[in-house]
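J.: For the protein sequence lines, the chains are A and W, in the order given.
According to our numbering, the first sequence is numbered sequentially starting from 245.
According to our numbering, the second sequence is numbered sequentially starting from 245.
2 protein chains.
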Amino acid sequence: MSLILASASPARRAMLQAAGLEVEVMPAYVDEEEIKLALRAEQAPARQVAEALAELKARRIGHIAAQTGDQRFIIAADQMLVCGDAWFDKPADLAAARAQLQSLRGKPHQLVSAVVAARAGGIVWRHIASATLTMRDFSDDFLDAYLAQAGAAVLSSVGAYQLEGLGVQLFSRIEGDYFTILGLPLLPLLAFLRDNQVLRS
Amino acid sequence: MSLILASASPARRAMLQAAGLEVEVMPAYVDEEEIKLALRAEQAPARQVAEALAELKARRIGHIAAQTGDQRFIIAADQMLVCGDAWFDKPADLAAARAQLQSLRGKPHQLVSAVVAARAGGIVWRHIASATLTMRDFSDDFLDAYLAQAGAAVLSSVGAYQLEGLGVQLFSRIEGDYFTILGLPLLPLLAFLRDNQVLRS
Numbered sequence: 245m246s247l248i249l250a251s252a253s254p255a256r257r258a259m260l261q262a263a264g265l266e267v268e269v270m271p272a273y274v275d276e277e278e279i280k281l282a283l284r285a286e287q288a289p290a291r292q293v294a295e296a297l298a299e300l301k302a303r304r305i306g307h308i309a310a311q312t313g314d315q316r317f318i319i320a321a322d323q324m325l326v327c328g329d330a331w332f333d334k335p336a337d338l339a340a341a342r343a344q345l346q347s348l349r350g351k352p353h354q355l356v357s358a359v360v361a362a363r364a365g366g367i368v369w370r371h372i373a374s375a376t377l378t379m380r381d382f383s384d385d386f387l388d389a390y391l392a393q394a395g396a397a398v399l400s401s402v403g404a405y406q407l408e409g410l411g412v413q414l415f416s417r418i419e420g421d422y423f424t425i426l427g428l429p430l431l432p433l434l435a436f437l438r439d440n441q442v443l444r445s
Numbered sequence: 245m246s247l248i249l250a251s252a253s254p255a256r257r258a259m260l261q262a263a264g265l266e267v268e269v270m271p272a273y274v275d276e277e278e279i280k281l282a283l284r285a286e287q288a289p290a291r292q293v294a295e296a297l298a299e300l301k302a303r304r305i306g307h308i309a310a311q312t313g314d315q316r317f318i319i320a321a322d323q324m325l326v327c328g329d330a331w332f333d334k335p336a337d338l339a340a341a342r343a344q345l346q347s348l349r350g351k352p353h354q355l356v357s358a359v360v361a362a363r364a365g366g367i368v369w370r371h372i373a374s375a376t377l378t379m380r381d382f383s384d385d386f387l388d389a390y391l392a393q394a395g396a397a398v399l400s401s402v403g404a405y406q407l408e409g410l411g412v413q414l415f416s417r418i419e420g421d422y423f424t425i426l427g428l429p430l431l432p433l434l435a436f437l438r439d440n441q442v443l444r445s
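1. With a CB to CB cut of under 7 angstroms and the five nearest residues on each side skipped, what residues in its chain are close to W/GLN323?
2. In the DSSP assignment, what are the bridge partners of W/VAL356?
3. On the criterion of 16 or more Cβ atoms from any shown chain inside 10 Å, does A/GLY366 qualify as buried, or is it exposed?
4. Check A/GLU268 in the structure and name its three-state DSSP category.
5. Can you name the residues of chain W whose CB is closer than 8 angstroms to the CB of A/LEU443?
6. Which residues in the same chain have their Cβ closer than 7 angstroms to the Cβ of A/LYS334, if we skip the five residues on either side of it in sequence?
7. Along chain A, which residues have their Cβ under 7 angstroms away from the Cβ of W/GLU408?
8. What three-state label does DSSP hand A/GLU286 in the structure shown?
9. Quick one: is A/LEU281 buried, meaning 16 or more other Cβ sit within 10 Å of its Cβ, or exposed?
10. Consult DSSP for A/GLU276 and reduce its assignment to one of helix, strand or coil.
11. In whole angstroms, what separates the C-alpha of A/LEU297 from that of A/VAL326?
12. How about W/LYS301 and W/ALA250: are their beta carbons less than 7 angstroms apart?
13. Does the distance from the CB of W/ALA321 to the CB of W/VAL274 come in under 7 angstroms?
14. Can you tell me the Cα-Cα spacing of A/THR378 and A/GLN406, whole angstroms?
15. Helix, strand or coil for A/GLY306? Go by DSSP, reduced to three states.
16. Less than 8 angstroms between C-beta atoms, sequence neighbours within five positions excluded: which residues of the same chain meet that for W/ALA290?
17. Can you give me the start and stop residues for the alpha helix (DSSP H) that A/PHE436 sits inside?
18. Quick check: the Cα distance between A/ALA343 and A/THR424, rounded to an integer number of angstroms?
19. In the DSSP assignment, what residue or residues form a beta bridge with W/PHE415?
20. State the Cα-Cα distance for the pair W/ALA262 and W/ASN440, rounded to the nearest angstrom.
21. Can you list, in chain order, the residues of the segment 415–440 of chain A whose Cβ is nearer than 9 angstroms to any Cβ on chain W?
22. Exposed or buried, what is W/PRO254 when buried is set at 16 or more other beta-carbons lying within 10 Å of its beta-carbon?
23. Using a Cβ cut-off of 7 angstroms (strictly closer), state whether W/SER383 contacts chain A.
24. If contacts are defined as beta-carbon pairs under 8 angstroms, then A/LEU247 and A/LEU265 qualify, I think. What distance do you get, rounded to the angstrom?
25. With a cut-off of 7 angstroms, does the C-beta of W/PHE386 fall near any C-beta of chain A?
26. Between the C-alpha atoms of A/LEU387 and A/LEU260, what's the straight-line distance to the nearest angstrom?
27. My understanding is that A/SER374 touches A/GLY420, with C-beta atoms under 8 angstroms, so please give their C-beta distance in whole angstroms.
28. Look at the Cβ atom of A/PHE381, then the Cβ atom of A/GLY350, and state whether they are nearer than 7 angstroms.
29. What residue range does the beta strand (DSSP E) around W/ALA330 cover?
30. May I ask you to list the residues that DSSP assigns as paired with W/ALA362?
31. Rounded to whole angstroms, what is the Cα-Cα separation between A/ASP385 and W/VAL442?
32. If you measure from the beta carbon of A/ALA389 to each beta carbon in chain W, is any gap under 7 angstroms?
33. Under 8 angstroms between beta-carbons, which chain A residues line up against W/GLN393? List them in chain order, please.
34. Taking the alpha carbon of A/GLN292 as the point to measure from, which residue in A/ILE372, A/ALA396, A/PHE436 and A/ARG363 has its own alpha carbon closest?
35. Could you name each continuous beta strand (DSSP E) segment of 3 residues or more that falls completely within the segment 379–409 of chain A, going from the start of the chain to the end?
36. May I ask which residues mark the beginning and end of the alpha helix (DSSP H) holding W/LEU426?
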């Protein structure tokens with residue numbers, strides 16, 4: 245039995261497929277910025293925002309699935325990067341990536357990842373996890389060389405780094421689950437899928 | 245400036261290259277079994293064995309490098325899997341993999357990874373780290389399906405699993421650094437290489 249992944253993220257699809265899941269991708273396009281601004285104004289914590297965004301994506305695709313009688317689980321996820329009081333998004337260009345990395349330099353930040361499962365009727369399961377990563381106090385020379393070498397790939401990640409590539413050189417310390425860092429707490433999701441007979445126990 | 249990697253492990257080479265290092269592979273062939281048996285007889289702890297094996301590989305290649313005046317760092321690593329009193333190796337065949345996974349099932353085990361750096365003269369740096377992974381109490385049906393699907397790939401890992409693939413379905417809990425789990429504590433190695441001007445700080 246396959247899953248619907250309500251996300252355009254190649255990293256999440258690759259993670260699920262590597263784990264042996266059959267995945268159909270149906271990206272849900274939601275106005276993340278508007279929701280983040282609204283929840284920020286309400287002083288909502290980042291984990292609540294990640295959960296709200298993941299739920300919204302799952303519900304949107306769940307609505308479409310309901311119309312066709314599709315009974316597969318819909319999986320959606322969202323990730324927030326929090327450093328002190330600030331939230332970070334995917335940088336728009338290399339100049340924004342540079343400014344972002346200068347803000348994160350020499351400090352710890354949190355990656356908060358939410359994953360939810362929906363069925364035609366609505367949300368049936370959710371899980372939120374976070375990891376703490378500490379950027380070392382790298383030089384501006386290092387930063388320039390990093391951006392030149394990593395290039396546009398940094399624009400596809402909140403935080404402007406990919407830990408599975410050159411981005412690992414930015415860090416002095418990484419604490420937390422690797423899958424949560426990549427944007428989807430995989431072990432709790434697999435347990436949920438076993439409990440629901442999508443995967444063999 | 246490039247490094248010499250005294251290991252035939254494709255996973256370790258891929259990890260170093262992804263992190264932006266230029267790596268020349270020169271595998272060191274040592275009789276790991278003999279050394280493990282000898283140290284086991286002396287009741288040495290697993291971390292001492294991992295360190296001894298990594299050092300031996302680095303020294304062997306260091307000896308060759310010394311003869312040609314090669315001044316590059318030689319990096320070597322070793323990993324041990326420890327479950328209670330037992331040590332585990334790469335399984336010889338699928339039947340051995342099956343027996344090994346049945347022994348590990350429902351219990352935590354440790355992956356102990358040692359990495360050392362040598363220069364022509366000898367060992368100049370070492371780091372040892374460990375991670376704890378807990379296998380869930382999977383069914384024999386699951387195990388059969390897992391081995392059928394994962395196939396001979398399981399023979400290339402101590403523990404008969406690859407966390408970056410189907411093997412993640414074996415686990416209920418993973419605690420510790422992902423790079424240590426893959427067989428090479430990467431962050432401490434990168435810090436060493438920065439301290440020695442192999443990488444930009």
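From the three backbone atoms N, C-alpha and C, an ideal C-beta is built for every residue, glycine too.
It should be emphasised that the depicted structure is a prediction, and the values quoted were computed from it without experimental measurement.
T.: Judging by the given coordinates:
1. ALA294, LEU355, VAL356, SER357, VAL402 and GLY427.
2. Its beta-bridge partners are W/MET324 and W/SER374.
3. Burial call: exposed.
4. A/GLU268 falls in the strand class under three-state DSSP.
5. Chain order gives the chain W residues near A/LEU443 as GLN413, where near means a beta carbon separation below 8 angstroms.
6. Around A/LYS334: LEU399, SER400, SER401 and VAL402.
7. Correct list: ALA262.
8. Residue state for A/GLU286 is assigned as coil, using DSSP reduced to three classes.
9. By the 10 Å Cβ count, A/LEU281 comes out exposed.
10. DSSP places A/GLU276 in helix when its eight states are reduced to three.
11. Looking at the two C-alpha atoms, the distance is approximately 16 angstroms.
12. In contact: W/LYS301 and W/ALA250 (Cβ atoms closer than 7 angstroms).
13. Not a contact, by the Cβ cut-off of 7 angstroms.
14. In this structure, the straight-line span from the alpha carbon of A/THR378 to that of A/GLN406 is close to 14 angstroms.
15. DSSP, reduced to helix, strand and coil, places A/GLY306 within a helical segment of the structure shown.
16. Only residues of its own chain outside the window of five on either side were considered, and among them MET324, VAL326, TRP331, GLN354 and VAL356 have a CB closer than 8 angstroms to the CB of W/ALA290, listed in chain order.
17. Membership of A/PHE436 in the alpha helix (DSSP H) is indicated by the continuous run 430–439.
18. Rounded to the nearest angstrom, the two C-alpha atoms are 25 angstroms apart.
19. Bridge partners of W/PHE415: W/MET379.
20. For W/ALA262 and W/ASN440, the distance between alpha carbons rounds to 20 angstroms.
21. Close to chain W, meaning a Cβ-Cβ distance shorter than 9 angstroms, are the following residues of the segment 415–440 of chain A: PHE415, SER416, ARG417, ILE418, GLU419, ASP421, TYR422, PHE423, ILE425, LEU430, LEU431, LEU434, ALA435 and ARG438.
22. A residue is called buried when at least 16 other Cβ atoms come within 10 angstroms of its Cβ; W/PRO254 does not meet this threshold and is exposed.
23. Nearest CB-CB separation between W/SER383 and chain A: below the 7 angstroms threshold.
24. Correct: roughly 6 angstroms between the Cβ atoms.
25. Under the Cβ criterion of 7 angstroms, W/PHE386 is counted among the residues facing chain A.
26. As the crow flies, the alpha-carbon of A/LEU387 is around 32 angstroms from that of A/LEU260.
27. Indeed, because the Cβ distance is near 7 angstroms, the residues count as touching under 8 angstroms.
28. Looking at the sequence itself, residue 381 of chain A is Asp, so the reference to Phe does not match. Contact flag set, yes.
29. Taken as a continuous stretch (DSSP letters only), the beta strand (DSSP E) holding W/ALA330 covers 330–332.
30. W/ALA362 pairs with W/ILE318 and W/ILE367.
31. The alpha-carbon separation between A/ASP385 and W/VAL442 amounts to approximately 15 angstroms.
32. Interface residue (Cβ-Cβ distance to chain W less than 7 angstroms): A/ALA389 is classified as such.
33. Chain A residues near W/GLN393: GLY264.
34. Of the candidates A/ILE372, A/ALA396, A/PHE436 and A/ARG363, the one whose C-alpha sits nearest the C-alpha of A/GLN292 is A/ILE372.
35. Runs found: none.
36. W/LEU426 -> alpha helix (DSSP H) spans 422–426.
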